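In the numbering used here, the protein residues as written are 312 to 1266. Here a beta-carbon is modelled for each residue, glycine too, at the ideal position from N, C-alpha and C. This one's a predicted model, so the numbers in the text were calculated from it and none came from an experiment.
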Amino acid sequence: MVSSSSIRSNSNGNCDDVASFFTKSDALFRKNLTFQKRNWKMNVGLVMFPFLLCLLMLMIQLVVNSQLDKPKYRCGCKCVQNGNGTCQNRCGVEFSATQQAAFACPIRTPHKWPALFQIPGPRHRAVQTASHSFAGLPHASCLETGSCPVTSLYTGQNRSSAQGLVREIVIDEFPRNLVDLQSLVSLIYLGTYRKPSLTNFVESAFSSKYPLHVILPSCIPNFSFMVPPVALGNVRFQQEITCVESSYLWRENSASINKELLQGYWRGNSVHEIHEILAAYDFLNSNEFNFNVSFWYNSTYCNVVTNPCLLRIPRSLNMVSNAFLRHFKDGGMRIHLDFVKEMPRAGSRVALNLSSSIGPLLFAWVIQLLFPVFLTCLVYDKQHKLRIMMKMHGLGDGPYWLVSYIYFFLISSIYMIWFAVMGSVVGLEIFLLNNYTIQLVFYFVYLNLQVAFTFLAATVFSDVKTATVLGYIYVFGSGLLGAFLFQNYVEDTTFSRSWLMTMELVPGFSLYRGLYELSQYALAGHYTGTSGMTWEDLNDQGSGMKETLVIMALEWLIFLIASYYLDQVVSSGNGVSRDPLFFLGNFQKKHNRSFKISSRRQRSIVFVDLENPDISEERLEVEKILDQQGKQHPIVCHNLNKVYSGRDSKKHAVENLSLAVPFGECFGLLGPNGAGKTTLIKMLTGFLQPTSGTAFIDGLDIISDMDKIYKKIGVCPQHDLIWENLTGREHLLFYGRVRNLKGELLQQVVDDSLKSLNLYQGNVGDQLAGKYSGGMKRRLSVGISLIGDTQVVFMDEPTTGLDPESRNNLWHVVKMAKTNRAIILTTHSMEEADFLCDRLGIMVGGNLKCVGSSKELKTRYGGSYVLTISANPAHEDNVDSIVNGLSSNAVKIYNVGGTQKFRMPKKDVRIFEIFNAIENFKKQTSIKAFGLADASLEDVFTNVVHGASDQNLPD
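Okay, here's the thing in structure tokens:
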């Protein structure tokens, strides 16, 4: 181990100064790179995942498109003879053998189809039931026979006028003299159970087995009629027409209609119990001079996402308009709605665009996959106290945050660039068609948001397993909710945009929204043969990319601020938490500080008379040090208290402790388990906040200046805080750089440290610390605490678990290191305390019971001598008589083969009396040998602990 004096003598002199921000950041970045290199298997898995996903999507797309490229799905073509005898290849619907192939054909003149009603199915029509008991509905028995009428509701300000309009809606009889479909449509109103399709190039009602229906007030039994045939290319359609009775029911107002429509869908326990109304009308103030109608229609059979389709509205509006004309104007007047037709379209090739259709969900999973990985890294450092360990050795929050942020962002960027490159190589159009600069901005903002969100989430967790599980649940859950819930709201134009933006405050949803927009523009570009999203498209009314970018950018900044704030005020493995209002400044803190110190000074006087003289002297020494600014002691504790409050009582872990440790001294803390030794070390090193009192490390207050104190101390905690994936050498290199060791000096110090710790031979120092034995880890922790020019070192049971040889070697290392340092060491080994410590203090029940050197404590608290006499076994009784004559309270503690040991209280006997009695006994009897020993440190410890226990007993 290289001592601090030898480091100062180095010509570089770089260890005398505190390491700069850049030096600390460089140390942490090097450590992270080493860790990343060590975990190459995980890195390969992360890199391969986007590649395998892109490859899988490409293979699925190729396989599916190879099937879609077969004649069954291609527009049919035929060579048609021209007048000059030549053959010309023509493609069209008329040459297609299947309906799927017809969809790929160009349609220059779309077919005319009748405008139809959407009629409720026989099992869904509104009837009288316990849950749907509105006036005028038919009995539920008609559901069994399928003969229920379709019901329409109506209301208005003038009932007679509304009834007159309703009578004109109804057609009394079915015309028989029909020539073609158009003449039929112009005279009657046709409906269908069949749900419409997305387009109307082919009317779905004519390509199904379901008949068409005409609505009449009453139906003739066995009514049936065949529609004149319709030719579409080489396909002929002909449908049967049946009759459905209609029922129009008056309601007093529109609120009654709303209630009935709502209950018709809400009260049913299954899909077969839905009570569906055909339509509803509110004629309001309609009269012969004013046509004002509100119209309710059923749109539930169409869903913009799962089942997009056309709504059959034109015929209903035409029907009520004609009723107005016939009732108020002329019975022969009519607005003809002969047909509906689609717009012409160009031919297309049916192909699967997997990246644009299901890409948002898969890409959201891939991009967010790093979130639980980063979260695990941050929480791992907290759970295993590695972050506070780095902090205690001088690595502040600034370098930690900066390096961790840059480190995570660089990994995310490389990961995303690799994903985008692979997606472009395999031909995923979400990458190829959209403007690359838009993608760059979008992914840049989101990756920063994800890193900031990781820091924010890390403040909540303190367990790695919990953080990992919940991290992956968030990734996959947000993706699934985005695909099956959030996307529905995005596509629903009636959904509140404000609520949509509120949902996008969840980073997973904002990512999904951006990916959805990119996929939709890529899909449109695929079918139109144009590019995808451009910068001009951000201003489109239907595009949400601009709002998404703004939300993510604002959240990025807000999450960073919130993460830093929570990290400072929530103590969960990062040391002592700060005041929630720390950002307001130091005025209030200084004011409160001066008041607390003065109150502590007053309190100390109360306890002086109740303490042992050595404790009182130590307390007075602390008072003098605090009053005399020039007297330097690197460790000063003043009335330090730590109280834990329970339900019914308070536990004083440390009570009114005052202590001063000068340079060059190793102060040993002894005490039984639970005495408060480790609690004291934790308060002095920033793990715990004192309840009251304070301590000064090299003149700096542990309450307000802990960040500065960390630059001056070294800590060997009770439990080894090391990275299992780093070697011993890498640990020392990292902490050496944090201590501002550089270049050859750093290498020399690390080598000397490994040699002194017996970790150099056999390349033990270059093995992973996770494979070290408990003793090797302990030696490494001691080496970490002593590396660099630290002025104060805290060691909490540093030799626990070491074999005798290693322990003895480590003692010499610590003894050499204390030359220019102040060391506080806790131990249960009396031999260790005797060898290492210049002064000792024994704590019992949170109180410091005695302070002094080993010799002073033995003299003060030893309490007895041990007298050993070796004589002829025949004279044992004579030996007993002599010893009992010296002290009636003497106790025999050993007797083997004539050698006897006695413990005699010091208060009963003087040393010269013992020697006189032995000399007189020699004259009477032969004595082989005798010896007189003072009490051991273990005796002192036992006496002090038992004495403290006796004092605490009730009277």
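> How many Å lie between PRO1028 and PHE730 at the Cα?
Replying inline: In a straight line, the C-alpha of PRO1028 is about 43 Å away from that of PHE730.
>> As a quick exercise: from GLY1208, MET1215, SER1175 and VAL1207, pick the residue whose alpha carbon is nearest that of ILE1193.
In response: The residue with the shortest Cα to Cα distance from ILE1193 is MET1215.
>> DSSP three-state label for TYR747, please.
In response: Assignment of TYR747 by DSSP, reduced to helix, strand and coil, places it in the helix class.
> Which word fits PRO431, buried or exposed, when buried means at least 16 other C-beta atoms lie within 10 angstroms of its C-beta?
Replying inline: By the neighbour-count rule (16 or more Cβ atoms within 10 Å), PRO431 is buried.
>> I need the straight-line Cα distance from GLY1196 to PRO1115, nearest angstrom please.
In response: One C-alpha to the other measures close to 42 Å.
> Nearest to ILE678 by alpha carbon, out of PHE787, SER1067, PHE594 and ALA634?
Replying inline: Nearest Cα to ILE678 within the set PHE787, SER1067, PHE594 and ALA634: PHE787.
>> Please classify ALA426 as buried or exposed, where buried requires at least 16 neighbouring CB atoms within 10 angstroms.
In response: By the 10 Å Cβ count, ALA426 comes out buried.
> Residues in its own chain within less than 8 Å of ALA446 by CB, not counting five upstream and five downstream?
Replying inline: Non-local C-beta neighbours of ALA446 in its own chain, meaning closer than 8 Å and more than five positions away in sequence, comprise LEU560, ordered along the chain.
> DSSP beta-bridge partners for ASN587?
Replying inline: Reading off the sequence, residue 587 comes out as Glu, not Asn. Looking at the DSSP output, GLU587 shares a beta bridge with ARG436.
>> Using a 10 Å radius around the Cβ and a threshold of 16 neighbouring Cβ atoms, would you call MET863 buried or exposed?
In response: Counting Cβ neighbours within 10 Å, MET863 comes out buried, since at least 16 surround it.
> Assuming LEU454 and ARG434 make a contact with CB atoms under 8 Å, what is their CB distance in whole Å?
Replying inline: At roughly 6 Å, the Cβ-Cβ gap stays under 8 Å, so LEU454 and ARG434 are in contact.
> What separation, rounded to the nearest whole angstrom, lies between the Cα atoms of VAL1251 and ARG1048?
Replying inline: VAL1251 and ARG1048: Cα-Cα distance of roughly 43 Å.
> By Cβ distance below 8 Å, which residues in the same chain neighbour THR1253 in space, the five residues on each side in sequence not counted?
Replying inline: Excluding residues within five positions, none has a Cβ falling inside 8 Å.
> So, is TRP1034 buried or exposed, given that buried needs 16 or more other C-beta atoms within 10 angstroms?
Replying inline: With 16 or more other Cβ atoms within 10 Å, it is buried.
> For the putative contact between ASP1063 and ARG1040, defined by C-beta atoms under 8 Å, what is the C-beta separation to the nearest angstrom?
Replying inline: Actually they do not touch by this definition, with Cβ atoms about 12 Å apart.
> Opposite GLY1242 in the DSSP bridges: which residues?
Replying inline: Among the bridge pairs identified by DSSP, GLY1242 is matched with THR1179.
>> Using a Cβ-Cβ cutoff of less than 7 Å, which residues in the same chain neighbour SER1140 once the five nearest sequence positions on both sides are dropped?
In response: Excluding sequence neighbours, SER1140 sits near THR1110.
> Which ranges does the beta strand (DSSP E) cover as unbroken runs of at least 3 residues, wholly within the region 961-991, from first to last along the chain?
Replying inline: Listed in chain order, the complete beta strand (DSSP E) runs (minimum 3 residues) inside the region 961-991 are 961-972 and 977-981.
> CA-CA distance, GLN1303 and LEU379?
Replying inline: Not covered by the structure: residue 1303. The range shown for the chain is 312 to 1266.
> If we cut at 7 Å on Cβ distances, does THR503 have a partner in chain B?
Replying inline: Checking the listed chains, one finds no chain B in this structure; it contains a single protein chain.
> ARG645 lies in the beta strand (DSSP E); which residues open and close that run?
Replying inline: Counted as a single uninterrupted DSSP element, the stretch harbouring ARG645 is not any beta strand (DSSP E), since DSSP gives it neither H nor E.
>> What does DSSP give as the partner residue(s) for MET1106 in the beta ladder?
In response: The bridge partners DSSP lists for MET1106 are CYS1027 and LEU1136.
> How many whole angstroms separate the CB atoms of MET630 and LEU636, which I take to be in contact at a CB cut-off of 8 Å?
Replying inline: Actually they are not in contact, since the Cβ atoms of MET630 and LEU636 sit about 11 Å apart, beyond 8 Å.
> Alpha carbon to alpha carbon, how far is LYS348 from LEU363?
Replying inline: If you take the alpha carbons of LYS348 and LEU363, they lie about 22 Å apart.
> Is LYS520 helix, strand or coil by DSSP?
Replying inline: It is coil, neither helix nor strand.
>> Using the three-state DSSP reduction, which class does ASN598 fall into: helix, strand or coil?
In response: Of the three classes helix, strand and coil, the one that applies to ASN598 here is strand, per DSSP.
> Can you name the start and end residues of the beta strand (DSSP E) that TRP561 belongs to?
Replying inline: Where TRP561 is concerned, the enclosing beta strand (DSSP E) stretches over 551-561.
> What did DSSP end up calling GLY836 once you bin it into helix, strand or coil?
Replying inline: GLY836 falls in the helix class under three-state DSSP.
> Distance, Cα to Cα, PHE764 vs PRO507?
Replying inline: Their Cα atoms are separated by approximately 45 Å.
>> Assuming the contact rule is C-beta atoms closer than 8 Å, LEU981 and ILE1153 should be a hit. Round their C-beta distance to whole Å, please.
In response: About 5 Å; that satisfies the 8 Å criterion.
> For the candidate residues SER605, THR510 and HIS1257, whose alpha-carbon lies nearest to that of PHE594?
Replying inline: In terms of Cα proximity to PHE594, the closest of SER605, THR510 and HIS1257 is SER605.
> What residues in its chain sit with their C-beta under 6 Å from that of ARG1118, if we drop five residues either side in the sequence?
Replying inline: Residues THR1110 of the same chain have their beta carbon placed closer than 6 Å to that of ARG1118, with the five preceding and five following residues left out of the count.
>> Could you check whether ALA1133 and GLU976 sit closer than 7 Å to each other, using their CB atoms as the reference points?
In response: Less than 7 Å separates the beta-carbon of GLU976 from that of ALA1133.
> Contact check, THR1236 vs ALA1182 under 8 Å by CB: the rounded distance?
Replying inline: With a beta-carbon spacing of about 6 Å, THR1236 and ALA1182 fall inside the 8 Å limit used to define contacts.
> If you draw a straight line from the C-alpha of PHE820 to the C-alpha of VAL737, how long is it?
Replying inline: Looking at the two C-alpha atoms, the distance is approximately 27 Å.
> Is the region 1147-1166 close to the region 959-977, with three or more CB pairs under 8 Å?
Replying inline: Yes, the region 1147-1166 is in contact with the region 959-977.
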